[in-house]
Amino acid sequence: MLLREVEYVKPSSIAEALTNLAANDGARALAGGQTLINVMKARAASPDVLVDLSGLEELKGIELGSDGTLSIGPMTTYTELMDSAEARARPILGEVCSKIADVQVRNRGTIGGNLCANDPTNHLPPLMAAIGAELTITGAGGERTVPASDFFLGVYMTAVGQTELLTRITIPAGKHDGFAAVTLGVDGTCIVNAAASMNGSLRIAIGCVDAVPVLIEVESPDTVRAAVRAAALHPPDDVHASSEYRAHLAEVLAERAARQAVGE
Amino acid sequence: MNVAVTVNGTVYERDVEARKLLIHFLRDDIDLTGSHIGCDTGNCGACSVILDGTLVKSCMVLAVQANGSKVETVEGLADGEQLTALQQAFTDHHALQCGYCTPGMLMSATSLLRSNPSPSDEEIRKALQGNICRCTGYWNIFEAVKSVAR
Numbered sequence: 060m061l062l063r064e065v066e067y068v069k070p071s072s073i074a075e076a077l078t079n080l081a082a083n084d085g086a087r088a089l090a091g092g093q094t095l096i097n098v099m100k101a102r103a104a105s106p107d108v109l110v111d112l113s114g115l116e117e118l119k120g121i122e123l124g125s126d127g128t129l130s131i132g133p134m135t136t137y138t139e140l141m142d143s144a145e146a147r148a149r150p151i152l153g154e155v156c157s158k159i160a161d162v163q164v165r166n167r168g169t170i171g172g173n174l175c176a177n178d179p180t181n182h183l184p185p186l187m188a189a190i191g192a193e194l195t196i197t198g199a200g201g202e203r204t205v206p207a208s209d210f211f212l213g214v215y216m217t218a219v220g221q222t223e224l225l226t227r228i229t230i231p232a233g234k235h236d237g238f239a240a241v242t243l244g245v246d247g248t249c250i251v252n253a254a255a256s257m258n259g260s261l262r263i264a265i266g267c268v269d270a271v272p273v274l275i276e277v278e279s280p281d282t283v284r285a286a287v288r289a290a291a292l293h294p295p296d297d298v299h300a301s302s303e304y305r306a307h308l309a310e311v312l313a314e315r316a317a318r319q320a321v322g323e
Numbered sequence: 065m066n067v068a069v070t071v072n073g074t075v076y077e078r079d080v081e082a083r084k085l086l087i088h089f090l091r092d093d094i095d096l097t098g099s100h101i102g103c104d105t106g107n108c109g110a111c112s113v114i115l116d117g118t119l120v121k122s123c124m125v126l127a128v129q130a131n132g133s134k135v136e137t138v139e140g141l142a143d144g145e146q147l148t149a150l151q152q153a154f155t156d157h158h159a160l161q162c163g164y165c166t167p168g169m170l171m172s173a174t175s176l177l178r179s180n181p182s183p184s185d186e187e188i189r190k191a192l193q194g195n196i197c198r199c200t201g202y203w204n205i206f207e208a209v210k211s212v213a214r
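Residue numbers (our numbering), protein chains in the order written: chain L, 60 to 323; chain R, 65 to 214.
Here it is, written out as structure tokens:
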């Protein structure tokens, strides 16, 4: 398909990329392109300038700190996360990445692109919210770090401003995590997903039921379903599932994720 | 924008618009029409090629992003008339009917067998997950790939 005319720049440093983004209101960062190029085909997005981040080595790589903290560059692909020895410190990361779309998409799609796209059907926003990830955002004025629970602002909207970049994803140590989803076909478009993490209490984030992941905290998997009901979700209706069915799945999947997190 | 892309060992230098998808560069600019456009939405995998050793869907890559890269397409598999073992297996197992998905299937299976010459049944299925076939029901494709796995 022929895309709308667009300019393309490939900066060689974060500073240069920020300058490129600031130079044009219609400039947009291009990560792996597995969402953006498709929405450009549909004209759902029509950037004037694509700022290709693939040349920025600072945005790649996975480091494991001595305390078990993972520091992940946002341009790390799903396949790299699945294959990384360091990322195995938090096994849920590779497990969830292996459920995203297919080999080709996993080879090119990036963790940062997934988070910044914040499509409500993406798996990684609820996962990051459940496991307490922190996101470092860099702009001309310097860096700031926000918790995942404050990062997702609305459908396709995050705390990353038009002239800013997500530059680091920090994930605390932990192993007691779970994830469950109902999708259209294996690893297809998500109808509802839920991620859970046990760290003192059980923290569960449910995706696809609202504009941003819905967080709930409970003491045990036995109270998850009541807590989801108490959250009084009003999920969207679409051709794939009614609002009522999504609300039902939210309960079921939140409990499944919670039981995996506590090792049941 | 001027790009130089090495496709199946030959360097092609062209002036392309930034909006051009890699699949159109391959098919329209350098006349390699083996890679197909099925859905144009990143679902079907008929446009799959190997970009710098990594399997990708060429409808979700811009041609300018492939500047300086090496691309392998289905035309690069056979040596003249000599099919690869995988291509021969597709023939032997009747793994294609209309053939539209075959270039993508071959590139996905080639990529799998390079990185994992002895895949399990599950690994073969997972490797072909991004390639849709409307004719075969997949079974003969699976059998063909399995027959050349060591």
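Beta carbons are placed, not taken as given, at the ideal position from N, Cα and C, and that holds for glycine.
Computed from a prediction, not measured in an experiment: that's the story for all the values here.
Three or more beta-carbon pairs under 8 Å between the region 162-174 of chain L and the region 254-271 of chain L, yes or no? Contact between the region 162-174 of chain L and the region 254-271 of chain L is absent, because fewer than three Cβ pairs lie under 8 Å.
Please report whether the beta-carbon of L121(L) lies at a distance below 7 Å from any beta-carbon of chain R. In the first sequence, the residue the question calls residue 121(L) occupies position 62. For clarity, residue 121(L) is Ile in the given sequence; the question names Leu instead. For I121(L), the answer is no, since every Cβ of chain R falls outside 7 Å of its Cβ.
Of all the alpha helix (DSSP H) runs that stay within the bounds of the region 64-99 of chain L, which reach a length of 4 or more residues? Listed in chain order, they are 73-81.
Extent of the continuous alpha helix (DSSP H) run through C175(L): Working through the first sequence from its first residue, we reach residue 175(L) at position 116. Note, C175(L): alpha helix (DSSP H), 170-176.
What are the boundary residues of the alpha helix (DSSP H) that I205(R) is part of? Position 141 of the second sequence holds residue 205(R). Per DSSP, I205(R) belongs to the alpha helix (DSSP H) from 203-212.
Say the cut is 6 Å; is the CB of Q161(R) nearer than that to a heavy atom of the ligand GTP? This structure does not include the ligand GTP; it has no bound ligands of any sort.
What does T105(R) touch in chain L if you count any residue whose Cβ is under 9 Å from its own? What you label residue 105(R) is simply residue 41 of the second sequence in a count that begins at 1. Under the 9 Å cutoff, chain L gives M60, N97, K100, A101.
Give me, in chain order, the residues of the same chain whose beta-carbon lies closer than 6 Å to that of G168(R); leave out the 5 immediate sequence neighbours on both sides. By one-based count along the second sequence, residue 168(R) stands at place 104. Sequence-distant Cβ neighbours of G168(R) in its own chain, meaning closer than 6 Å and more than five residues away, are G109, A110, S112, N195.
If you run the structure through DSSP and keep just helix, strand and coil, what is C123(R)? Residue 123(R) sits at position 59 when you count from the first residue of the second sequence. Three-state DSSP puts C123(R) in a helix.
What residues in the region 116-127 of chain R have a beta carbon less than 9 Å from any beta carbon of chain L? Those would be T118, L119, V120, K121, C123, M124, V125, L126, in chain order.
What residue ranges within the region 235-313 of chain L form continuous alpha helix (DSSP H) runs of no fewer than 4 residues, ordered along the chain? Listed in chain order, they are 283-289.
May I ask which residues mark the beginning and end of the alpha helix (DSSP H) holding I190(L)? As a first step, residue 190(L) is located in the first sequence; it is residue number 131 there, counting from the start. For I190(L), the uninterrupted alpha helix (DSSP H) segment begins and ends at 183-190.
Just the C-alpha distance for S72(L) and T78(L), rounded to the nearest angstrom, thanks. Within the first sequence, numbered from 1, the residue matching residue 72(L) stands at position 13. Within the first sequence, numbered from 1, the residue matching residue 78(L) stands at position 19. About 10 Å.
Taking buried to mean at least 16 other C-beta atoms within 10 Å of its own C-beta, is L152(L) buried or exposed? As a first step, residue 152(L) must be located in the first sequence, where it is residue number 93. Residue environment for L152(L): buried (at least 16 other C-beta atoms within 10 angstroms of its C-beta).
Close Cβ partners of P294(L) (< 6 Å) along its chain, the five nearest in sequence each way excluded: Along the first sequence, one-based indexing puts residue 294(L) at 235. Apart from sequence neighbours up to five positions away, the residues of its chain that approach P294(L) with a beta-carbon distance below 6 Å are V268, S302, R305, A306, ordered along the chain.
Would you mind listing the alpha helix (DSSP H) stretches within the region 204-235 of chain L that are 4+ residues and don't spill past its ends, in chain order? List check, alpha helix (DSSP H) in window: 207-210.
Okay, do the region 144-162 of chain L and the region 178-189 of chain L touch, 3+ Cβ pairs below 8 Å being the bar? Yes: at least three Cβ pairs fall under 8 Å.
Who does Y76(R) pair with in a DSSP beta bridge? Here residue 76(R) corresponds to residue number 12 of the second sequence, with the count starting at 1. Y76(R) pairs with V69(R).
Reducing DSSP to helix, strand and coil, say where V135(R) ends up. Here residue 135(R) refers to the residue found at position 71 of the second sequence. It is a strand residue.
Once you ignore the five residues that flank L115(L) on each side, which residues in its own chain have a CB closer than 8 Å to its CB? The count along the first sequence starts at 1 and reaches residue 115(L) at position 56. The answer, listed in chain order, is P70, S71, S72, I73, A76, M134.
Can you confirm whether G85(L), when its beta carbon is compared against all beta carbons of chain R, has any partner nearer than 7 Å? Taking the first sequence and counting its residues from 1, the one referred to as residue 85(L) is at position 26. Nearest CB-CB separation between G85(L) and chain R: not below the 7 Å threshold.
With DSSP collapsed to three states, give me the class of L129(L). Residue numbering aside, residue 129(L) sits at position 70 when the first sequence is read from its first letter. DSSP places L129(L) in strand when its eight states are reduced to three.
Does E64(L) have its Cβ less than 7 Å from a Cβ in chain R? Indexing the first sequence from 1 puts residue 64(L) at position 5. So yes, E64(L) belongs to the interface.
Please classify G198(L): does DSSP put it in a helix, a strand, or coil? By 1-based counting over the first sequence, the position of residue 198(L) is 139. G198(L) sits in a strand when the DSSP states are folded into three classes.
Can you have a look at L61(L) and say buried or exposed, based on whether 16 or more other CB atoms are within 10 angstroms of its CB? Within the first sequence, residue 61(L) is the residue found at index 2, counting from 1. With fewer than 16 Cβ atoms within 10 Å of its Cβ, L61(L) is classed as exposed.
CB of R83(R) within 7 Å of CB of V65(L), strictly: Counting from 1 along the second sequence, the entry for residue 83(R) is found at position 19. Counting from 1 along the first sequence, the entry for residue 65(L) is found at position 6. Their beta carbons are under 7 Å apart, which means R83(R) touches V65(L) by this criterion.
Tell me the DSSP secondary structure of S179(R) in three-state form. Counting from 1 along the second sequence, the entry for residue 179(R) is found at position 115. Helix at S179(R).
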